[in-house]
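These notes concern the structure reproduced below.
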Amino acid sequence: MKRRQFLVDSTALLAAAITAKHALADSSSTYVAPVPADTGAVGHVVVIGGGMAGATVAKYLRVWGGARVKVTMIDRSPNYVSNIMSNLVLTGARTLSGLTYTWDRLAANYGITRWQGEVDRIDAQAKVVSLTDGRTAQYDRLVIAPGIAFDDIAGIETDALRARYPHAWQAGAATNALRDQIRAMTGSDRFVMTIPKAPYRCPPGPYERACVVADWLKRNRPGAKVLVLDENPGIVAERESFNLAFTKVHAGVIEYVPNAIVQSIDPGTNRVFTTMGDFAGKVINPIPRQRAPKVLRDAGMLNAANAGETELKWTKVDALSYEHLDSARFPGVHVIGDAATHGMPKAGHVANMEAKICADAITRYLRGDRPMSGPVANSACYSPITASTASWLTAVYQYDPTSRQMKVFEYAPGQLATGEAGLASKDNFEEMNKWFRQLMVDSFA
Ligand SMILES: Cc1cc2nc3c(=O)[nH]c(=O)nc-3n(C[C@H](O)[C@H](O)[C@H](O)COP(=O)(O)OP(=O)(O)OC[C@H]3O[C@@H](n4cnc5c(N)ncnc54)[C@H](O)[C@@H]3O)c2cc1C
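The opening position of the sequence shown corresponds to residue 135 in my numbering, with each subsequent residue numbered one higher.
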């Protein structure tokens, strides 16, 4: 029986792996799910952060939990600017306003209460969060989805210098500033970018940036070059696709240097100093190392991400429900999105998946029940390689009760449920646009 069940489960997961990248693109873009009057779940859930993870969990808590689950979502910003697709703002193919979303439809469609403000204190024992403006919110369950914070880079630690070297790894004004610097380049200039040590937000994102900038320079500033200084020993994600992109599609334009640990930037000479040498450029785009934001650190909620590591940078959660592993000190506290460690990459599509697993678990808790025993999730990501072609990457993950993390599903020994495009294509570019539209509808409408 067990063996037959395993075969049924693994066949279903394999099918999921194959269709994973189509999962969002196939769903309707206008459907508004009803909020049931009463599912048996009762309580108040406070959500900190209304990004890819926070907006999705707020929505699905109401859709699955019903009207007796009150949801208050707190975000410091008046609206949300998507990081996803923001590399295309650098080339002028998209604009920041086209990537800006409000929470109005979540409030109107699902009855979510929205507060604009900055949470700066969490009292996990009293179950209260405090905002910098003096407001407080009492909760039964708390979901923390604040995204990431950036480490300083030696040599550019002032606000003025950070503005002069925009990382643009949080979409906003800095993205436009970097776009303007690229536009000001000439055919004899070099764009130098640095990639932080993993884990960081969006594993394929920096390589995607190198490709779209190279593509724009080829067409608009022929002769200009892109230098990629990677702190990692090799390409972190979509290795086959980006290898092809760097060595064939953008051959002669992109130069790639692995193991280049950034030591400092000298604003006087516009040089990046690394363990692989020092490199000058007209435009320097340093993507800093990343960690969970201060609100989690101040609350004492950071752990070492992996065995043998001592630095407390991220919050390790039990991927069954996304609750903090230390549930005695942090009862009813869930952490989702890029701030959390759970075995899956830090990406917007994954944040959307985590949010749904978390919303389902909370809804069950609020009904006096237990979370589902074996959650499955998929990651799907498209990367533009040129102005009209893209590649993709997908994987299926399943909960591993021993590590309490998600693991890439193995549908046969050594056969991982993961895949990538290899060759970029126009069809992928079109599918990318559909996938993005549906992901944002699923999260914000
Ligand atoms: C250039 C680039 C390209 C990318 N491309 C892709 C892609 O193609 N596919 C993909 O899946 N992912 C992509 N990503 C990654 C994706 O953007 C992130 O993984 C995703 O945004 C993470 O969601 P999050 O909810 O954890 O954080 P965010 O989306 O950053 O949301 C965090 C929210 O919390 C709020 N907040 C933070 N602290 C507080 C506080 N103390 N009080 C109140 N509010 C607070 C912030 O204002 C923000 O709105 C890309 C990222 C970049 C930078």
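Note that the Cβ used here is the ideal one computed from N, Cα and C, for glycine as well.
(Q) List, from N- to C-terminal side, the beta strand (DSSP E) runs of 3 residues or more that fit wholly inside the region 517 to 566. (A) Runs found: 524 to 534, 539 to 542, 544 to 546, 552 to 554.
Q.
Here's the rule I'm using: 16 or more other beta-carbon atoms within 10 Å means buried, otherwise exposed. How should D432 be labelled?
A. Position 298 of the sequence shown, counted from the first residue, corresponds to residue 432. The residue in question, D432, is exposed, as its Cβ has fewer than 16 Cβ neighbours within 10 Å.
(Q) Taking its Cβ as the centre, do 16 or more other Cβ atoms sit within 10 Å of Y165, making it buried, or is it exposed? (A) The count along the sequence shown starts at 1 and reaches residue 165 at position 31. Y165 is exposed by the Cβ-count criterion.
Q: Determine which residues share a DSSP beta bridge with L361 and list them.
A: Within the sequence shown, numbered from 1, the residue matching residue 361 stands at position 227. Answer by DSSP bridge pairing, in chain order: V326, E389.
Q) Straight-line CA distance for K155 to S559? A) For the purposes of this step, residue 155 is taken as residue 21 along the sequence shown, with counting starting at 1. For the purposes of this step, residue 559 is taken as residue 425 along the sequence shown, with counting starting at 1. Any reading at K155 must be qualified, since the residue scores a pLDDT of 42, below 50, and its modelled position is unreliable; no value is offered.
Q) How about A187 and E457: do their beta carbons lie closer than 8 Å? A) Residue numbering aside, residue 187 sits at position 53 when the sequence shown is read from its first letter. Residue numbering aside, residue 457 sits at position 323 when the sequence shown is read from its first letter. Result no, Cβ atoms of A187 and E457 do not sit closer than 8 Å.
Q. Contact check, Y235 vs N221 under 8 Å by CB: the rounded distance?
A. On the sequence shown, position 101 is the one that residue 235 refers to. On the sequence shown, position 87 is the one that residue 221 refers to. The Cβ separation is near 18 Å, so there is no contact.
**Q.** ligand 1 heavy atom lying under 7 Å from the CB of G281
**A.** Counting from one through the sequence shown, the residue named residue 281 turns up at place 147. Yes, the beta carbon of G281 sits closer than 7 Å to at least one heavy atom of ligand 1.
Q: Specify the secondary structure class of C515 as computed by DSSP and reduced to three states.
A: Start at 1 with the first residue of the sequence shown, and residue 515 comes out as number 381. C515 falls in the strand class under three-state DSSP.
Q: Provide the residue(s) that pair with Y235 in DSSP beta bridges, ordered along the chain.
A: As a working note, residue 235 is residue 101 in the sequence shown. Y214.
Q) For R108, which of A167, A175, P170, C515 has the nearest alpha-carbon? A) This structure gives no information on residue 108, because the portion of the chain shown stretches from 135 to 579.
**Q.** Local Cβ density within 10 Å of N217, reported as buried at 16 or more and exposed below that
**A.** Translated into positions along the sequence shown, residue 217 becomes position 83. Buried, since its Cβ has 16 or more Cβ neighbours within 10 Å.
Q.
Helix, strand or coil for W569? Go by DSSP, reduced to three states.
A. Numbered from 1 along the sequence shown, position 435 holds the residue referred to as residue 569. Residue state, collapsed to three classes: helix.
(Q) Let's see if you can read the secondary structure: which residues bound the beta strand (DSSP E) around K204? (A) The residue labelled residue 204 in the question sits at position 70 within the sequence shown. Per DSSP, K204 belongs to the beta strand (DSSP E) from 203 to 209.
Q. Just reading off the alpha helix (DSSP H) that L312 is part of, what are its end residues?
A. As a first step, residue 312 must be located in the sequence shown, where it is residue number 178. That run of the alpha helix (DSSP H) goes 307 to 317.
Q) Under the three-state reduction of DSSP, which class applies to V347: helix, strand or coil? A) As a working mapping, residue 347 is identified with position 213 in the sequence shown. Residue state, collapsed to three classes: helix.
Q. Should A426 be labelled buried (16 or more other beta-carbon atoms within 10 Å of its own) or exposed?
A. Numbered from its first residue, the sequence shown carries residue 426 at position 292. By the 10 Å Cβ count, A426 comes out buried.
Q: Tell me, please, which residues DSSP counts as bridged to R248.
A: By 1-based counting over the sequence shown, the position of residue 248 is 114. Bridge partners of R248: M207.
Q. Cα-Cα, which of I496, A297, E374, A485 is closest to W198?
A. Taking the sequence shown and counting its residues from 1, the one referred to as residue 198 is at position 64. Comparing Cα positions, the closest option is I496.
(Q) At a cut-off of 7 Å, would you count D472 as near ligand 1, judging by its Cβ distance to the nearest heavy atom? (A) The count along the sequence shown starts at 1 and reaches residue 472 at position 338. Within the cutoff, so yes.
Q: Could you check if L351 is buried or exposed, using at least 16 other CB atoms within 10 Å of its CB as the buried criterion?
A: Counted from its first residue, the sequence shown places residue 351 at position 217. Looking at its Cβ environment, which holds 16 or more other Cβ atoms inside 10 Å, L351 is buried.
**Q.** Closest by C-alpha distance to I421, when choosing among C336, V346, N486
**A.** Position 287 of the sequence shown holds residue 421. Cα-wise, what sits closest to I421 is C336.
**Q.** Cα-Cα separation between D172 and N562, rounded to whole angstroms
**A.** As a first step, residue 172 must be located in the sequence shown, where it is residue number 38. As a first step, residue 562 must be located in the sequence shown, where it is residue number 428. Approximately 42 Å between the Cα atoms of the pair.
**Q.** Enclosing beta strand (DSSP E) for G177 [first to last residue]
**A.** By 1-based counting over the sequence shown, the position of residue 177 is 43. First-last of the beta strand (DSSP E) with G177: 177 to 182.
Q. Would you say V429 touches ligand 1, meaning its beta carbon is less than 7 Å from a heavy atom?
A. The count along the sequence shown starts at 1 and reaches residue 429 at position 295. Yes, since a heavy atom of ligand 1 falls inside the 7 Å radius drawn around the Cβ of V429.
Q: Could you tell me how far apart the beta carbons of A414 and R405 are, in whole angstroms, since I believe they sit closer than 8 Å?
A: Against the sequence shown, residue 414 aligns to sequence position 280. Against the sequence shown, residue 405 aligns to sequence position 271. The pair is a contact, with the Cβ atoms about 5 Å apart (cut-off 8 Å).
Q) Any heavy atom of ligand 1 closer than 7 Å to the Cβ of W303? A) For the purposes of this step, residue 303 is taken as residue 169 along the sequence shown, with counting starting at 1. Yes - ligand 1 has a heavy atom lying nearer than 7 Å to the Cβ of W303.
Q) Considering only C-alpha positions, which residue in the set T225, R317, H301 is nearest to T328? A) Mapped onto the sequence shown, residue 328 falls at position 194. Measuring from the Cα of T328, the nearest candidate turns out to be H301.
Q. Are the region 439 to 453 and the region 465 to 479 touching by the rule of at least three beta carbon pairs closer than 8 Å?
A. yes
(Q) Whole angstroms are fine: how far does the CA of M574 sit from the CA of V203? (A) Translated into the one-based positions of the sequence shown, residue 203 becomes position 69. Translated into the one-based positions of the sequence shown, residue 574 becomes position 440. Roughly 23 Å separates the two Cα atoms.
Q) Should the region 520 to 538 be called in touch with the region 354 to 362, which here means at least 3 C-beta pairs below 8 Å? A) no
(Q) Contact between the region 281 to 288 and the region 238 to 248 is defined here as three or more beta-carbon pairs at a separation below 8 Å; is this criterion met? (A) Output reads no: the region 238 to 248 does not touch the region 281 to 288.
Q | Exposure label - G339; buried when at least 16 CB within 10 Å | A | If you number the sequence shown from 1, residue 339 lands on position 205. Result: buried.
Q: May I have the straight-line CA-CA distance separating I290 from G321, to the nearest angstrom?
A: By 1-based counting over the sequence shown, the position of residue 290 is 156. By 1-based counting over the sequence shown, the position of residue 321 is 187. So the alpha carbons of these two residues sit roughly 27 Å apart.
Q: Run the CB neighbour count on Q315, radius 10 Å, all protein chains shown included, and call it buried at 16 or more, exposed below.
A: As a position in the sequence shown, residue 315 is number 181, starting the count at 1. Q315 comes out buried.
**Q.** Sequence-distant residues of the same chain with beta carbon closer than 8 Å to P401, five excluded per side
**A.** Here residue 401 refers to the residue found at position 267 of the sequence shown. Cβ within range, chain order: G289, I290, L295, R298, Y299.
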